[in-house]
Amino acid sequence: MDGEVAVRGDEYERVVYAGSGLEELGRGATGPTILELLESWWAQAVADPRVGEPSAASLATYDDATDLPDNRILLIKDFDAHGLRFFTNRDSAKGHQLAATPNAALVMLWHPMFRQVRFRGHVEQTDPAEDLEYWSSRPHASQVASWSSRQSAPVDRREDVTAGFESAEARFLDVDVPLPETWGGYRLRPVEVEFWVGMPARLHDRVLWRSTDGTPHPLDSSERWTLQRLQP
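For the sequence shown, position 29 (counting from the first letter as 1) is numbered 29 according to the UniProt record's numbering, and the numbering increases by one without interruption.
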């Protein structure tokens, strides 16, 4: 086909996957919980200098206005037994999509380590106290930017974005920036969690935890979760 771009041309050097971390999982009567394994992998990703942004994740949502899936990269704030938290403008595209369909899929990829974790589940808004706590910890400039930007709204020129920020910056000069009504957090509560390790010959290692009844359960317990190994 004329004009096509070969993603893997003659000069492409095939990556040899050489991950590890799931070999013993499922062989004994006991093993780590989802949260324990996630905490272990997370700590290793943070400690690995090759991983530039360990908290980066891909969040997939459904847009009922177009009947199409949507996806974007964002940063995970933290996670615990109840799920994974992220914060954003709730008046953004993803905010409207989650309001209409509060289900999502999320992927954390640490490619230098040949590791990936996939989540599917239900999404709920965080409570106002959580929103205010995190908002108060953000840098002043980031708070100002949240006030100046109508996230996902069309704009004619980049200069308009800059001008909006400068106007908000002058408004909040040397004062505390209040929490906008449209800004807050979400918690993804998984019903499925898959850990993936890239292995040689593309014989990747995969294990899947699935909720026994399709509803979210604490990630720090093995109760009401089934564990199975998947083929590559």
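Virtual Cβ for every residue (Gly too), placed ideally from N, Cα, C.
C-beta atoms of residue i and residue j nearer than 9 angstroms
i, j, result
"R187", "Q125", "yes"
"R138", "A45", "no"
"T162", "G95", "no"
"I34", "L219", "yes"
"S211", "R224", "yes"
"L132", "L179", "yes"
"I73", "A57", "yes"
"F195", "L25", "yes"
"P112", "R50", "yes"
"G214", "Y134", "no"
"V15", "V117", "no"
"D205", "E23", "yes"
"E166", "A141", "no"
Outcome for residue i when other beta-carbon atoms lying within 10 angstroms are tallied against a minimum of 16
i, result
"H217", "buried"
"G52", "exposed"
"P154", "exposed"
"T61", "buried"
"D176", "exposed"
"P32", "exposed"
"D128", "Contrary to the premise, residue 128 reads as Pro rather than Asp in this sequence. With fewer than 16 other Cβ atoms within 10 Å, it is exposed."
"A43", "exposed"
"A99", "exposed"
"A47", "exposed"
"T30", "exposed"
Contact belief for residue i with residue j at Cβ below 8 angstroms, rounded distance in angstroms
i, j, result
"S146", "G164", "Contact flag wrong, Cβ pair sits at about 11 angstroms."
"L106", "L59", "5 angstroms"
"G19", "W41", "Wrong, their Cβ atoms sit about 11 angstroms apart, outside the cutoff."
Closest by C-alpha distance to residue i, when choosing among the options
i, options, result
"Q151", "T162, V117, D91 and R157", "D91"
"A81", "A99, V191 and P54", "V191"
"residue 247", "T30, L22 and A65", "Since the first residue shown for the chain is 1 and the last is 232, residue 247 is missing from the structure and cannot be characterised."
"Q231", "V207, T215 and A57", "V207"
"A201", "E4, P102 and Y17", "Y17"
"G198", "N103, D78, D70 and L109", "L109"
"A104", "S136, T88, D174 and D70", "D70"
"L68", "W209, R158, R120 and T101", "T101"
"S55", "F86, T30 and R157", "F86"
Residue i beta carbon near the ligand NAP (any heavy atom closer than 8 angstroms)
i, result
"P32", "This structure lacks the ligand NAP; in fact it carries no ligand of any kind."
Starting from the N-terminal side, write out each stretch of the alpha helix (DSSP H) that is 4 residues or longer and does not extend beyond the stretch 31-95. 34-47
Could you name each continuous beta strand (DSSP E) segment of 3 residues or more that falls completely within the stretch 89-163, going from the start of the chain to the end? 103-110 and 115-125
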